[in-house]
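As numbered in the working numbering, residues 140 to 209 make up the sequence shown, in order. Think of the CB as a built atom: it goes at the ideal place given N, C-alpha and C, for glycine as much as any other residue. Data first, discussion second: the structure below is written as structure tokens.
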Amino acid sequence: MHSTEAVQMVDFERRRYRHGGGPADDIRTEFGLPATTFFRRLEDLLETDPPDTITQSEASEMLRVCRRRL
Numbered sequence: 140m141h142s143t144e145a146v147q148m149v150d151f152e153r154r155r156y157r158h159g160g161g162p163a164d165d166i167r168t169e170f171g172l173p174a175t176t177f178f179r180r181l182e183d184l185l186e187t188d189p190p191d192t193i194t195q196s197e198a199s200e201m202l203r204v205c206r207r208r209l
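This is the structure:
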């Protein structure tokens, strides 16, 4: 089971990954994290335990965004 924050992070990025990920200011406002920390945590989640709410294709695309932003 994923934490509430993990679910929120995936939902946030699911809405934005097609546009290169969420803006750093939005990430800081919503999660209280620098963008680098957000994308590192999201990358770890997607690599180790991707949620069932996204397709493998979405997870792969989100990982590409994470890696570009790190």
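Counted as a single uninterrupted DSSP element, the alpha helix (DSSP H) harbouring ARG179 occupies residues 174-187.
In this structure, HIS141 keeps its C-beta atom at 7 angstroms or more from the C-beta atom of PRO173.
Between CYS205 and PHE170, the C-beta gap is not smaller than 7 angstroms, which leaves the two residues out of contact.
DSSP, read as helix, strand or coil, puts HIS141 in coil. One thing to note: LEU181 has its Cβ within 7 angstroms of the Cβ of MET148.
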